[in-house]
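Each residue of the sequence shown is one higher than the one before, starting from 0 at the first, in numbering that gives the first Met the number 0.
Idealized CB from N, CA, C, for every residue including glycine.
Heads up: the structure comes next, in structure tokens.
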Amino acid sequence: MNLPSSPRYDFLSRAFHWVTAIVVTIAFILGPEGFGRLMRQGVDPATRSDIVWHESLGLLVLLLTLLRLIWVAFRPAAPQLQMASWMQMMAKLVHLALWTLMFALPATALLALGSEGHALTLLGGIRVDQMPLIAQAGIAKWADWGSVHQFLGDTIMVLVGLHAAAAIFHHFVLKDGVLLSMLPWGRRQR
Numbered sequence: 000m001n002l003p004s005s006p007r008y009d010f011l012s013r014a015f016h017w018v019t020a021i022v023v024t025i026a027f028i029l030g031p032e033g034f035g036r037l038m039r040q041g042v043d044p045a046t047r048s049d050i051v052w053h054e055s056l057g058l059l060v061l062l063l064t065l066l067r068l069i070w071v072a073f074r075p076a077a078p079q080l081q082m083a084s085w086m087q088m089m090a091k092l093v094h095l096a097l098w099t100l101m102f103a104l105p106a107t108a109l110l111a112l113g114s115e116g117h118a119l120t121l122l123g124g125i126r127v128d129q130m131p132l133i134a135q136a137g138i139a140k141w142a143d144w145g146s147v148h149q150f151l152g153d154t155i156m157v158l159v160g161l162h163a164a165a166a167i168f169h170h171f172v173l174k175d176g177v178l179l180s181m182l183p184w185g186r187r188q189r
């Protein structure tokens, strides 16, 4: 598809961006502190709505990221906004890091659950008590995946904050249309 560029991202790209941003933020907020400690104390994750929501939203992030990746291959061309080459490079690096983290966070969560023998609990009463493929995989013993997951969760929020700050800087200081190209409403100012 990839038709000539417009000053704004297409509707579906904007929708994926904002829905993903909201879901990631809510999942982070609901991420239970000391999850591993709670499970070792015998707390059933299904009895904790924060855990159920966190895990369900985490899988939704993975699904959204997969759908976004497929859409990137078919969507209209992204806007070609003028900015300094170092800004373009930084934007690409931050985007690459965000994409990587949106895949790595669900992967490390599943590794943590499977390697420690904890249940995956989802909305609707869906529960996966054992993940033998993960538990028996060599990678399961490479790290404390719960700690890795927590570190990556903190990292994605720092990058999201930098990403948002950069967009606000572009909007109010540079006035170059970068933020307007992704906002779900409004038109690009000329």
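What number of angstroms, rounded off, separates the C-alpha of residue 131 from the C-alpha of residue 138? 13 Å
Using the C-alpha atoms, what's the distance from residue 10 back to residue 67? 12 Å
Three-state secondary structure assigned by DSSP to residue 147: helix
Of all the alpha helix (DSSP H) runs that stay within the bounds of the segment 106-178, which reach a length of 4 or more residues? As summarised for the segment 106-178, the continuous alpha helix (DSSP H) elements at least 4 residues long and confined to that stretch are 131-134, 144-168, given in chain order.
7 Å Cβ cutoff met for residue 181 and residue 36: No, the Cβ-Cβ distance between residue 181 and residue 36 is not below 7 Å.
Compare the C-alpha of residue 34 against each of 178, 146, 173, 163 and name the closest. For residue 34, the nearest C-alpha among the options comes from 146.
Should residue 99 be labelled buried (16 or more other beta-carbon atoms within 10 Å of its own) or exposed? exposed
Buried or exposed: residue 84, going by 16 or more other Cβ atoms within 10 Å of its Cβ? exposed
Under a Cβ-count criterion, where at least 16 other Cβ atoms within 10 Å of its own Cβ denotes burial, should residue 30 be classed as buried or exposed? By the 10 Å Cβ count, residue 30 comes out buried.
Other residues of its chain near residue 94: CB distance less than 6 Å, five sequence neighbours each side excluded: If the five residues before and after residue 94 are omitted, its C-beta is found closer than 6 Å to no C-beta atom of its own chain.
Roughly how many whole angstroms lie between the Cα atoms of residue 183 and residue 39? 44 Å
DSSP three-state assignment for residue 44, whether helix, strand or coil: Residue 44: helix per DSSP, three-state reduction.
Applying the criterion that 16 or more other CB atoms from any shown protein chain within 10 Å of the CB defines a buried residue, is residue 195 buried or exposed? Because the chain in this structure spans residues 0 to 189, residue 195 falls outside the shown range and cannot be described.
Cβ of residue 182 less than 7 Å from any chain C Cβ? Among the protein chains of the structure shown there is no chain C, as only one such chain exists.
With C-beta atoms as the reference, is residue 152 less than 7 Å away from residue 105? no
Name the two residues that bound the continuous alpha helix (DSSP H) containing residue 82. Run containing residue 82: none; DSSP gives neither H nor E here.
Do you know how far the Cα of residue 159 is from the Cα of residue 17? 12 Å
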